[in-house]
Every structure is written in structure tokens, then in C-alpha cells.
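Residue numbers (mature numbering (1 follows the signal peptide of the UniProt record, and there is no 0)): -22 to -1, 1 to 236. Comments concern the structure below.
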């Protein structure tokens, strides 16, 4: 019997390297769930514009087979099939694409809907970047899941270097009061915890509504006029300037006078 055990151990030791090689990538997502793939993902569905951009940044753009609405960057993403938006996903369309990985956004996608995909055996990787380091880490993680770890690490480090350069460039600049508008009816903005606000700060701006308690608060037009921002940035389509043009009705605003 002892010889049989020794023989079995020898066989296992010989198989161990090949078994290790057969195991695919494993990464923990923003929900602290361990996502393990049998092999690097080749068919990816992205469920938010941010996830789409991060996938392309990680070098995995050619593996994305479908995206969510408003995924317009990089330009190549506009040509991909769409499977819904943050309010409603077409689960049947997603399943029909036979993805080996679905990338979702914690603040934008419905967990209950995506649990149905998980129940079908489809791997779901959740993203929730809150800092620039989170973005760099997401690029590395997505690259690892798609079999491109070296490229992902290279691009993540390049991103960190770019952020450090911007921080240095604007370190001594005069702060500019900024209002960032993400919706018009109701009027909505972001507080300082949102990544957009951190990008504004990085580039020398000060979010005039940064101290509000909610991540995405509703505000009044009067509150904007009282804050008197020197710059107004809108999240609408670059082809639709209606949100910006509406503020020209208030020539007393510093942003309009400038």
C-alpha cells in the first residue's frame, strides 16, 4: 500500500506543473468576489461606458463583442452591438452572445439582473474605481483576465505617470471654481468623492458642490448661481451643447462672463 501511495504522489507531482498551467486567471473584483476563468476571456460584454473604456485601455478592445448604450469612446466602441443601458439590460441578447466575461459597473448596473447571468454560469467582473490608483489597478486586472498581463501593467504604469505629471503641473496653479453638470432635469452634479471631481481637482479645479453629502446630489439653479462657478462642464453629448447654452441666459455668472 505504501508503494501505491508513493506512486500516486509521484504522478501528482509530475502533473502539478501542467495543472497549474491549465488554471486560468483569478482576480478579485470591486465586490471582493473572486472571479476565476478557465482561460483568458475572448468574448467580453461591457455594461457601462467606463468599463468599455477601461477594457480598451487594457488592450482588450478586440475581445469586446457588445457594449452598453453611450459607449462612445474610443470611437471603435460605437460600432459594437448594444445590449441595453444602466436602467435595463437585454439579458437574452447578452446570453446569445455566449460571453466568457461580463464587465459591470457597481454604481450603474443592477445586481439582481446580473445575478441571473451568474446563475447561468457567466462570469461577471464588477468595477467601482474611486481613485486614480483604482483605475490603474482595474486596467491591470482586466488585462490579466484577458491574457494580457504585461501590456496591462505597462499601461497602468503609464497612466500613473500621467497622473503624477498632471498633479505636478497644476500644483501651484490658482484654483478655478468648477460646476460639473451630469444632468439637466433634474439638475444634478457630483460631490468630491466622485472620480470626476477628483479629476477636476487634479487639473487645478475646485468642485463648487464638493462638500455635499450625496455622491450624485440634485441641486437648484439658484444654488449654481450662488456658487458662481468660473467654469461649467457638462456631461452631455459633445454634439449637443444645449446644456451649456442654457447657462448663457445668466450673464452674471463668472463662467459666462469669461
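Glycine included, each C-beta is placed from N, C-alpha and C at the ideal position.
Please report the Cβ distance between residue 61 and residue 46, rounded to the nearest whole angstrom; I am assuming they are in contact, meaning their Cβ atoms lie under 8 Å.
Looking up residue 61 in the chain shown gives position 83. Looking up residue 46 in the chain shown gives position 68. Yes, they are in contact, since the Cβ atoms of residue 61 and residue 46 sit about 7 Å apart, within 8 Å.
Alpha carbons only, please: which of 213, 220, 209 and 129 is nearest the one belonging to residue 235?
Position 257 of the chain shown, counted from the first residue, corresponds to residue 235. With distances taken between Cα atoms, residue 235 lies closest to 209.
Does the structure place the region 195 to 204 close enough to the region 143 to 153 that three or more beta carbon pairs sit under 8 Å?
The region 143 to 153, when compared against the region 195 to 204, does not touch it at the 8 Å Cβ threshold.
Whose CA, out of 182, 131, 120 and 94, lies closest to the CA of residue 104?
For this step, residue 104 is matched to residue 126 along the chain shown. The shortest C-alpha separation from residue 104 is found at 120.
Taking a contact to mean a Cβ-Cβ separation below 8 Å, would you say residue 114 touches residue 134 in this structure?
Position 136 of the chain shown, counted from the first residue, corresponds to residue 114. Position 156 of the chain shown, counted from the first residue, corresponds to residue 134. Yes, Cβ-Cβ distance for residue 114 and residue 134 is below 8 Å.
Alpha carbon to alpha carbon, what distance is there between residue 213 and residue 160?
Numbered from its first residue, the chain shown carries residue 160 at position 182. Numbered from its first residue, the chain shown carries residue 213 at position 235. Going by the C-alpha atoms only, they are around 5 Å apart.
Flag this pair as touching only if the region 9 to 18 and the region 53 to 67 have three or more C-beta atom pairs under 8 Å; answer yes or no.
Because the criterion of three Cβ pairs below 8 Å is not met, the region 9 to 18 and the region 53 to 67 do not touch.
Please give me, in chain order, every unbroken run of the beta strand (DSSP E) with length at least 3 that falls completely inside the region 62 to 110.
Counting only runs of 3 or more, we get 79 to 83 and 102 to 105.
Kindly list the residues whose CB is nearer than 7 Å to the CB of residue 186, restricted to its own chain and excluding five residues on each side of it in sequence; keep chain order.
One-based indexing of the chain shown puts residue 186 at position 208. If we look at residue 186 and ignore the five residues flanking it on each side, its Cβ neighbours are 155, 156, 157, 205 and 207.
Using the C-alpha atoms, what's the distance from residue 84 back to residue 182?
Within the chain shown, the letter at position 204 stands for residue 182. Within the chain shown, the letter at position 106 stands for residue 84. The alpha-carbon atoms of residue 182 and residue 84 are separated by roughly 28 Å.
Counting along the chain, where does the beta strand (DSSP E) carrying residue 6 start and finish?
Within the chain shown, numbered from 1, the residue matching residue 6 stands at position 28. Looking at the DSSP string, the run of the beta strand (DSSP E) that includes residue 6 is 4 to 6.
State the DSSP-derived secondary structure class of residue 1, mapped to helix, strand or coil.
Residue 1 sits at position 23 when you count from the first residue of the chain shown. Looking at residue 1 - three-state DSSP - the assignment turns out to be coil, as it is neither helix nor strand.
Give the DSSP bridge partners of residue 158, in chain order.
As a first step, residue 158 is located in the chain shown; it is residue number 180 there, counting from the start. Per DSSP, 211.
Per the DSSP calculation, residue 44 is bridged to which residue(s)?
If you number the chain shown from 1, residue 44 lands on position 66. According to DSSP, which records beta bridges pairwise, residue 44 is partnered with 23.
Check residue 199 in the structure and name its three-state DSSP category.
If you number the chain shown from 1, residue 199 lands on position 221. In the structure shown, residue 199 sits in a helix (DSSP, three-state: H, G or I).
For residue 176, which residues does DSSP report across the bridge?
Along the chain shown, read from residue 1 onward, the residue named residue 176 stands at position 198. Partner(s): none; residue 176 has no beta bridge.
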